[in-house]
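So for the sequence shown, the numbering used here puts the first residue at 1; every next one is plus one. Let me begin by presenting the structure, written as structure tokens, before commenting on it.
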Amino acid sequence: MRAFGSDRVRPGKGEQMILFCRRSKGWTPRVPKTLTRAEHPGTAVLWEDRFFEVVSEEKGTEGGVRYVLEPWRDNHVIRVSEPYDEASESRREADHRASAVRQKSRKAANLAGMFTGHLPAVVQDYLGSEIGILPTKLTALSLILPFLFLVWLLNDYARRTMDPNAPPMPLALLLIGGYLFIESGIRLNIVWLHRRPIGSAAGLFAYLIYYIAVGRYSGAISPFTKVRGHQLYITQPPDDVALQDAFAMREPLLTLLSPAEQAAMAERFGFNYRKHASIVALVLLGFSSAGVITSLVSLQQGPRLSAIVSLALALIIGAEQIFRLGALQRGPVGSVLAIVVRPFARKLFR
Numbered sequence: 001m002r003a004f005g006s007d008r009v010r011p012g013k014g015e016q017m018i019l020f021c022r023r024s025k026g027w028t029p030r031v032p033k034t035l036t037r038a039e040h041p042g043t044a045v046l047w048e049d050r051f052f053e054v055v056s057e058e059k060g061t062e063g064g065v066r067y068v069l070e071p072w073r074d075n076h077v078i079r080v081s082e083p084y085d086e087a088s089e090s091r092r093e094a095d096h097r098a099s100a101v102r103q104k105s106r107k108a109a110n111l112a113g114m115f116t117g118h119l120p121a122v123v124q125d126y127l128g129s130e131i132g133i134l135p136t137k138l139t140a141l142s143l144i145l146p147f148l149f150l151v152w153l154l155n156d157y158a159r160r161t162m163d164p165n166a167p168p169m170p171l172a173l174l175l176i177g178g179y180l181f182i183e184s185g186i187r188l189n190i191v192w193l194h195r196r197p198i199g200s201a202a203g204l205f206a207y208l209i210y211y212i213a214v215g216r217y218s219g220a221i222s223p224f225t226k227v228r229g230h231q232l233y234i235t236q237p238p239d240d241v242a243l244q245d246a247f248a249m250r251e252p253l254l255t256l257l258s259p260a261e262q263a264a265m266a267e268r269f270g271f272n273y274r275k276h277a278s279i280v281a282l283v284l285l286g287f288s289s290a291g292v293i294t295s296l297v298s299l300q301q302g303p304r305l306s307a308i309v310s311l312a313l314a315l316i317i318g319a320e321q322i323f324r325l326g327a328l329q330r331g332p333v334g335s336v337l338a339i340v341v342r343p344f345a346r347k348l349f350r
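This is the structure we're talking about:
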């Protein structure tokens with residue numbers, strides 16, 4: 001019998017063949033019979049037109065493997081066989097080299113995950129399938145850099161606050177820190193709770209520039225490719241359902257229309273102004289009160305037309321809401337803001 005590749009072979013006891021290999025071939029040795037378990041034959045190996053059974057497997061201290069094979073016994077049925085020839089060994093060697101390359105690429109991807117995790121999700125999915133790494137792991141690694149920046153920013157802000165002679169922190173750094181805090185929080189939520197990769201705005205812009213300049217000519221994946229299984233298809237509802245949905249979305253704002261228009265909504269859709277009118281009036285009163293306060297603070301620095309106009313509008317809206325809150329006990333009351341709401345409710349009057 002002839003060995004292939006880097007294997008070596010020598011005869012054993014009787015018709016046994018002993019095969020020395022540098023690496024495991026994945027063959028399963030025979031499981032002997034015991035008092036509580038039946039015998040299970042080892043892997044059937046087709047070697048030079050003869051079937052052999054893998055009787056035993058011994059792993060050496062330096063990574064080599066010693067297989068003992070015997071001619072296949074007729075009392076066992078061959079369900080799956082493994083070929084042992086030049087072609088199979090060449091294929092096994094090629095698979096090993098490809099696996100080694102993937103392993104090196106995987107290590108490099110883990111090291112570069114702080115940067116590649118900022119790329120679009122579809123690119124991270126592609127890298128994961130190519131080199132065998134979890135795309136969510138890339139996203140998680142990419143959160144390290146924003147986290148370190150935020151830690152440094154908070155530390156620097158605290159230092160400047162405690163030192164009266166330190167200059168104030170630049171507004172640009174505060175804006176960048178606020179944006180990264182919000183973006184990183186959203187990305188952490190998606191990768192941790194939803195188990196999906198997600199890129200960052202910076203990674204998207206960088207990859208988009210690369211794709212437009214070079215990538216689309218070299219076969220790189222488009223950042224706009226839709227990932228299978230992530231698309232959401234929504235069927236168009238019937239006209240009557242769509243109209244009811246439109247009414248439900250606009251219902252709180254309809255309390256600002258005139259009493260006649262609210263009566264028309266009640267006749268057509270069963271609109272009840274008491275459901276939302278008081279809440280909407282209180283919310284508007286809160287915003288108008290905040291507007292009055294900010295306008296007065298602004299006017300302390302000097303009279304300005306924008307501050308005066310803002311104060312006048314806030315006072316008008318606030319006074320109207322106080323009046324409406326009392327009048328709503330007797331029936332629907334409109335608002336000067338109806339002119340803003342009416343264009344959005346136009347389709348409900350058709």
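Where is the CB? At the ideal position from N, CA and C, for every residue including glycine.
Rounded separation between residue i and residue j - CA only
i	j	result
residue 209	residue 120	13 Å
residue 83	residue 19	14 Å
residue 219	residue 211	9 Å
residue 261	residue 343	13 Å
residue 141	residue 171	28 Å
residue 67	residue 51	15 Å
residue 200	residue 168	29 Å
residue 181	residue 145	12 Å
residue 238	residue 348	15 Å
residue 259	residue 236	33 Å
residue 6	residue 32	30 Å
residue 339	residue 279	20 Å
residue 45	residue 36	27 Å
residue 162	residue 147	23 Å
residue 204	residue 104	26 Å
residue 240	residue 282	32 Å
residue 34	residue 21	29 Å
residue 296	residue 115	48 Å
residue 2	residue 64	19 Å
residue 49	residue 221	47 Å
residue 15	residue 47	13 Å
residue 100	residue 178	43 Å
residue 184	residue 38	57 Å
residue 270	residue 322	26 Å
Bridge-paired residues (DSSP) for residue i
i	result
residue 10	18
residue 51	46
residue 56	68
residue 82	45
residue 194	In DSSP, residue 194 forms no bridge with anything.
residue 336	For residue 336, which the question treats as bridged, DSSP gives no partner whatsoever.
residue 31	40
Nearest-angstrom Cβ-Cβ length linking residue i and residue j, presumed shorter than 8 Å
i	j	result
residue 223	residue 125	No, residue 223 and residue 125 are not in contact; Cβ-Cβ is about 12 Å, not under 8 Å.
residue 143	residue 173	Their Cβ separation, rounded to whole angstroms, is 19 Å, which puts residue 143 and residue 173 out of contact at 8 Å.
residue 117	residue 150	Contact flag wrong, Cβ pair sits at about 16 Å.
residue 345	residue 254	6 Å
residue 55	residue 29	6 Å
residue 243	residue 341	Not quite, the Cβ-Cβ distance comes to about 17 Å (not below 8 Å), so this is no contact.
residue 310	residue 324	Wrong, their Cβ atoms sit about 21 Å apart, outside the cutoff.
C-beta neighbour in chain D for residue i, strict 9 Å
i	result
residue 133	Note that chain D does not occur in the displayed structure, where there is just one protein chain.
Does the structure place the stretch 147–163 close enough to the stretch 122–132 that three or more beta carbon pairs sit under 8 Å? no
Would you check if the stretch 274–288 and the stretch 328–337 touch, i.e. whether three or more CB-CB distances between them fall below 8 Å? yes
Just checking, does the stretch 82–102 make contact with the stretch 188–207 on the three C-beta pairs under 8 Å criterion? no
Quick check on the DSSP output: what are the complete beta strand (DSSP E) runs of length 3 or more inside the stretch 278–320, in order along the chain? none
Pairs of beta-carbons, one from the stretch 234–250 and one from the stretch 295–314, closer than 8 Å: are there three or more? no
Does the stretch 313–327 touch the stretch 285–303, meaning 3 or more C-beta pairs lie closer than 8 Å? yes
Give, in chain order, every unbroken run of the alpha helix (DSSP H) that is at least 4 residues long and sits entirely within the stretch 142–169. 144–162
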